[in-house]
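Residue numbers for the sequence shown follow the working numbering, beginning at 4 and rising by one.
We treat Cβ as the ideally placed atom computed from N, Cα and C, and that holds for glycine.
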Amino acid sequence: MKHIGHLLPSQQAVFVDRGITKANQLLTEWQGQTVDSFGLVGLPLSKTSISASGAASAPQHIRKALGAFTTYVIEDAIDLKGQQVIDFGDVGMHVTDLVECHRRIEASLTELYEQHPKLTPILLGGDHSISCPSIKAFRKTKGRVGVIQFDAHHDLRNLEDGGPSNGTPFRGLLESGALRGEDLIQIGLRNFSNGQLYHQYAMDEQVQLWTMRDIHERKMENIITESLHRLEKKVDAIYVSVDMDVLDQAFAPGCPAIGPGGLDSTTLLKAIEQLAHHPLVHGMDIVEIDPSLDFRDMTSRVAAHVILHFILGKMKLGRNEC
Ligand code: CA
4 MKHIGHLLPS QQAVFVDRGI TKANQLLTEW QGQTVDSFGL VGLPLSKTSI
54 SASGAASAPQ HIRKALGAFT TYVIEDAIDL KGQQVIDFGD VGMHVTDLVE
104 CHRRIEASLT ELYEQHPKLT PILLGGDHSI SCPSIKAFRK TKGRVGVIQF
154 DAHHDLRNLE DGGPSNGTPF RGLLESGALR GEDLIQIGLR NFSNGQLYHQ
204 YAMDEQVQLW TMRDIHERKM ENIITESLHR LEKKVDAIYV SVDMDVLDQA
254 FAPGCPAIGP GGLDSTTLLK AIEQLAHHPL VHGMDIVEID PSLDFRDMTS
304 RVAAHVILHF ILGKMKLGRN EC
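Here you go:
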């Protein structure tokens, strides 16, 4: 291609540095091929949120936020630029029928996993309700599933009072039999964010619970190691669900349920990399970002880093590095 001086086509007329690869350049639109790498899918549903939420617009914001970062990992002298993330687009939602929205998520992801059995999905919510149909689809094609959930909340509310919402995804999974309580690990639970009834329900169901105090006392790295050890002996695949409200409000102002006393972003990102480094971890969702509440896309930018650290962990696994 011929150039005149530094002239660029108008659609590319931005600052270009050939020594830099931006992280959004990892995304490649799906062209119908079978995919055995990472696959990105947007699940833009937030009408199921108990509080008002614009999380349906998060997938596009997170994709865009990747463009704020490069692919180079200075601490490990590793470049992610050879990694491919196929962008399958978003699941189209029904305008008014929330149960139909969940049905579409489960059906679409089931078909996706059947057609691409080696795909590692990275799913962008949406509110946390999407994890119920998403994990059901994951379980249908992967076998017995273990779930590691980062969250300030149990999300084990009963389904009778208000139907499926962002407060019920793990209740729905346990009640349907898609997930056993002993295969669910919740990390980052916070004071003044949950009810005693659901705490008791979680313990009765043998869900493993790690509060913020546990993280301070035992260190996240040890909790992740123990969690993986607990699951690897009995499940076929592990799914990681990242509710961004596990972060302290100082790090995630774009979450509908912000609050103090939560994780810092570095601790979360190191945990994601550690998890991705395990061969049984085959999928992840990121939920509960409302870009309309965010400040300078801070929360979407953390989500972009969650994706990059997940890819980094898998890349190190491929190179057999710790
Ligand atoms: Ca949640």
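Residue i beta carbon near ligand 1 (any heavy atom closer than 7 Å)
i, result
"residue 158", "yes"
"residue 220", "no"
"residue 169", "yes"
"residue 291", "yes"
"residue 105", "no"
"residue 239", "no"
"residue 131", "yes"
"residue 251", "no"
"residue 288", "no"
"residue 246", "yes"
"residue 154", "yes"
Same chain, Cβ closer than 6 Å to residue i, five either side skipped, listed in chain order
i, result
"residue 213", "190, 226"
"residue 146", "239"
"residue 286", "124, 141, 242"
"residue 107", "94"
"residue 168", "51, 53, 132"
"residue 9", "none"
Residues near residue i by beta carbon distance below 7 Å, same chain, minus five either side
i, result
"residue 138", "148, 150, 176, 181, 182, 242"
"residue 274", "223, 227"
"residue 143", "113"
"residue 302", "247, 255, 256, 257, 258, 292"
"residue 170", "53, 158, 160"
"residue 304", "68, 71"
"residue 272", "308, 309, 312"
"residue 318", "81, 83, 86"
Option in the options with minimal Cα separation from residue i
i, options, result
"residue 320", "293, 301, 277, 135", "277"
"residue 266", "24, 281, 246", "246"
"residue 60", "317, 312, 300, 308", "300"
"residue 218", "166, 230, 89, 208", "230"
"residue 153", "104, 134, 68", "134"
"residue 200", "158, 169, 178", "158"
"residue 66", "120, 124, 90, 118", "90"
"residue 95", "29, 105, 86, 87", "105"
"residue 118", "36, 32, 188", "36"
"residue 132", "111, 121, 162", "162"
"residue 45", "34, 64, 55, 29", "64"
"residue 186", "136, 284, 234", "234"
"residue 215", "207, 24, 250, 205", "250"
"residue 130", "55, 9, 73, 166", "55"
"residue 197", "173, 155, 209", "155"
Close beta carbons around residue i, own chain, < 8 Å, minus the five adjacent residues each side
i, result
"residue 57", "49, 293, 294, 295, 296"
"residue 282", "320"
"residue 252", "258, 261, 262, 263, 265"
"residue 31", "87, 88, 89, 90"
"residue 315", "76, 79, 81, 83, 276, 279"
"residue 1", "Not covered by the structure: residue 1. The range shown for the chain is 4 to 325."
"residue 195", "262"
I'd like the ranges of any beta strand (DSSP E) spanning at least 3 consecutive residues and lying wholly in the region 84-160.
88-93, 123-128, 148-153
For the region 263-316, list the beta strand (DSSP E) runs that are entirely contained and at least 3 residues long, ordered along the chain.
284-290
Sequence ranges, alpha helix (DSSP H) only - wholly within the region 24-72, length at least 4:
61-69
Contiguous beta strand (DSSP E) assignments of at least 3 residues, all confined to the region 177-242:
187-192, 211-214
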